[in-house]
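**Q**
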């Protein structure tokens, strides 16, 4: 189902539940004004959301309920019990529609508000308890009186009061009425008394158009389209007809019961006349109701009964007809209940409970890792239980992995949930900055963990702001450059392995690299020598430095002191990274790489200075072994040469122990890591294994310790400290 | 032209009379009070034009062929004239 529609169903259900509760409370305490406001708001919101998903019938039905409530509010009178009942009926209908939407995945095309409309119309045409006629509905009576013949055939009365400005909107109210289905009669009246001909403003619409139509209110609403908000509709005669039907059915049931009663006193072999007459009456009753096949069955049964002189066949046939439909009805409602149960496949669970489940799953993973450790120990000791343990551990691991996938899946949501707000945002920014730009969304169905999806909003807003503000040029500049006057910003999301990539691409001016360098120099962000040695790619990365902003003017939209460094910080907090690519004159692409899930972090363990550390796998480019003489000093620091590129090297043990040793002659494993465009080498004593861990933020004494991202418990019970390489780069 | 004064001095509405015709019609009706409006060749009347006809209530001549005008609008305009 469409995400918007799914959300609509979930929210509407909540509102309906709330409204039902409030209505019931209001029934008990009719003067509770707070309850009343709650009810009113719930109906109003429901109607609004129905409008958003273009569910015309639901909108119409709720509109009727809202009308009734609005009248009560404007007259400061308690809502009549009958109106509360009708509002509840209206909500029942809404629930049915929501079920239909959920099971079909679309708005039911045959949804018809006529019944609800008629319900409210009937209530409003009946004098209310006080005896005063409901105000505002005189026009229906008046219209029906003047067009009696049409009223007899009409299903809908319409009063259409176009707004005075409608002619300026190129609206032609009469043409709209003429185009409605089944127009039977029309009346025109002035909205306010007519001016004299010389004072008449012909372009201000002063018409009220009343019409009687053969079409149902729902069809009329559909045909009216957007103008329906200027219309009042009343369903006619259907209500009367329905109650007539009901009373006929009632009479028929009574007649059938009477025949049964008559036959029950018949003894076999006697009184053929009674059987014949009962058969004829019952058959006629059913024929009148249009149940001809049942009528035939009874006629046949009567013939059999008379021929065999046995009352039983006829008794059964009539009883079948009398109770048949009633017996079938609960069956039908049972199936619809089952259907409803199937349809309600979503339950809303509080995020806390999900998080608890996530936490427990995390503990389970850690505990399973511990079991793995125990299995290895058992194997080393040659224990006879080792094989059994190993098998059990294998199946447990599989289950834990499956659980982990399910739990991750529970927290997954499509990016469209947040992407949806961006088109409007870009529109507003583009209007404000007078830089015409369109936002194109791609791959909004891409899914990611809820925490990721929700947290990525802010960085994305900032990137989009930058794109509009700094990326897209003025229309004149664009035209001069041979580009389309309206800029295009593409927000694209896709999945790449365990990562979710979100790219913001604009077709603007691109980033002026020399200017970036100049600004960085002007603000003393980078040493002049370093600047000169920088490639364009590296220079582009300078925009992520704190304190960097090339905006020459502080605008309302961007340049509020939150730079791209904030974006990078926010993204790396999520375990992701941000890169930027730009071609002068062609545009800029900001690429945000995010982990799919925040539940599990993949790390590689390394040993340095006798202690085990974890390095997030995201950051690791490759691992290699430096041979003797591979490390050489550069000033006070060290470096290695990898594929003709000099890469600064740090020795993990030294950094953590804060002592410098001569590493020149050392050989050993080196981890090449990339962080925010910087590549660095980290020399360690030993490279360990790859682990899935649950990263826990540091607290207590270690909280705020630079260089550490968090900790995790290892299988053997020891604590693994996970490094935050970003701190090392700084 | 959809609003014209014909050779007999009557105002003739023809074809589809849009909102813009309302002002012209109003001008003609103010200039010639009591003048007959011929609308047999009229195919559609915009609400703005109908407003002018309702207020001025000129004698109408002819019957438009358009079913909507003939069935629904003509009785209203004729009723207005007689009252």
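Chains as they are written, first to last, in the numbering used here: chain A, 74 to 803; chain B, 255 to 337.
The beta-carbon is built from N, C-alpha and C at its ideal position, and this holds for glycine as well.
What runs of the beta strand (DSSP E), each 3 residues or longer, lie entirely inside the segment 478-513 of chain A?
**A** 485-487
**Q** Would you mind working out which of A/772, A/613, A/668 and A/359 sits nearest residue 657 of chain A, comparing C-alpha positions?
**A** A/613
**Q** Kindly indicate which three-state DSSP category residue 532 of chain A falls into: helix, strand or coil?
**A** helix
**Q** Going along the chain, which residues of its own chain have a beta-carbon closer than 6 Å to the beta-carbon of residue 637 of chain A, five neighbours each way excluded?
**A** 616 and 617
**Q** For the segment 275-288 of chain B, list every residue whose C-beta sits within 7 Å of some C-beta in chain A, in sequence order.
**A** 276, 277, 280, 283 and 284
**Q** Between residue 330 of chain B and chain A, is any beta-carbon pair separated by less than 7 Å?
**A** yes
**Q** Which value, in whole angstroms, describes the spacing of the CA atoms of residue 332 of chain B and residue 187 of chain A?
**A** 34 Å
**Q** How many whole angstroms separate the CB atoms of residue 309 of chain A and residue 224 of chain A, which I take to be in contact at a CB cut-off of 8 Å?
**A** That belief holds up - the Cβ atoms of residue 309 of chain A and residue 224 of chain A are roughly 7 Å apart, short of 8 Å.
**Q** Below 8 Å on C-beta distance, what does residue 259 of chain B contact in chain A?
**A** Within chain A, no residue comes near residue 259 of chain B; the closest Cβ sits about 17 Å away, beyond 8 Å.
**Q** Judging by CA-CA distance, which residue of A/552, A/592, A/274 and A/785 is the nearest neighbour of residue 238 of chain A?
**A** A/274
**Q** Which residues, in chain order, does the segment 230-246 of chain A contribute to contact with chain B at a C-beta distance below 7 Å?
**A** 240, 245 and 246
**Q** My understanding is that residue 352 of chain A touches residue 387 of chain A, with C-beta atoms under 8 Å, so please give their C-beta distance in whole angstroms.
**A** Contact check for residue 352 of chain A and residue 387 of chain A: beta-carbon distance about 6 Å, within the 8 Å limit, so the pair qualifies.
**Q** Closer than 8 Å is the cut-off here; do at least three beta carbon pairs connect the segment 148-161 of chain A with the segment 119-132 of chain A?
**A** no
**Q** Determine, using beta carbons only, whether residue 212 of chain A comes closer than 7 Å to chain B.
**A** no
**Q** Reducing DSSP to helix, strand and coil, say where residue 261 of chain B ends up.
**A** coil
**Q** Please identify the residue among A/610, A/262 and A/754 whose C-alpha is closest to the C-alpha of residue 723 of chain A.
**A** A/754
**Q** Three-state secondary structure (DSSP) at residue 638 of chain A?
**A** Reduced to three states, the DSSP call for residue 638 of chain A is helix.
**Q** If you draw a straight line from the alpha carbon of residue 479 of chain A to that of residue 642 of chain A, how long is it in whole angstroms?
**A** 30 Å
**Q** So, is the C-beta of residue 254 of chain A closer than 7 Å to a C-beta in chain B?
**A** no
**Q** Using a Cβ-Cβ distance under 7 Å, would residue 79 of chain A count as near chain B?
**A** no
**Q** Got a sec: is the Cβ-Cβ distance from residue 311 of chain B to anything in chain A below 7 Å?
**A** Not one chain A Cβ lies under 7 Å of residue 311 of chain B.
**Q** Measure the C-alpha to C-alpha separation of residue 590 of chain A and residue 620 of chain A and round it to an integer number of angstroms.
**A** 14 Å
**Q** State the DSSP-derived secondary structure class of residue 722 of chain A, mapped to helix, strand or coil.
**A** strand
**Q** For chain B, check one thing: does any of its Cβ atoms lie closer than 7 Å to the Cβ of residue 286 of chain A?
**A** no
**Q** Go to residue 281 of chain A, then tell me how far its beta strand (DSSP E) extends in each direction, as first and last residue.
**A** DSSP places residue 281 of chain A in the uninterrupted beta strand (DSSP E) bounded by 280-286.
**Q** What distance in whole Å lies between the Cβ atoms of residue 292 of chain B and residue 275 of chain B, which are believed to be in contact at a cut-off of 8 Å?
**A** About 14 Å separates the two Cβ atoms, so there is no contact after all.
**Q** Tell me, to the nearest whole angstrom, how far the beta carbon of residue 697 of chain A is from that of residue 745 of chain A; I am working on the premise that it is less than 8 Å.
**A** That belief holds up - the Cβ atoms of residue 697 of chain A and residue 745 of chain A are roughly 7 Å apart, short of 8 Å.
**Q** If distances are taken between C-alpha atoms only, which option among A/378, A/394 and A/381 comes closest to residue 362 of chain A?
**A** A/394
**Q** Does residue 508 of chain A pass the burial test, meaning 16 or more other C-beta atoms within 10 Å, or should it be called exposed?
**A** buried
**Q** I'd like to confirm the pairing. Which residues does DSSP put opposite residue 711 of chain A in its beta bridges?
**A** A/706 and A/722
**Q** Going along the segment 275-301 of chain A in order, which residues come within less than 7 Å of chain B, judged by CB to CB distance?
**A** 275, 276, 278, 279 and 280
**Q** So is residue 792 of chain A buried or exposed if we call it buried at 16+ other beta carbons inside 10 Å?
**A** exposed
**Q** Listing by chain order, which chain A residues have their CB less than 9 Å from the CB of residue 264 of chain B?
**A** Neighbours of residue 264 of chain B on chain A: none; closest Cβ ~17 Å, over 9 Å.
**Q** List, in chain order, every chain A residue whose beta-carbon is nearer than 8 Å to that of residue 306 of chain B.
**A** Those within 8 Å of residue 306 of chain B in chain A are 270, 273 and 275.
**Q** Give me whichever residues DSSP pairs with residue 227 of chain A in a beta bridge.
**A** Looking at the DSSP assignment, residue 227 of chain A forms no beta bridge with any residue, so it has no partner.
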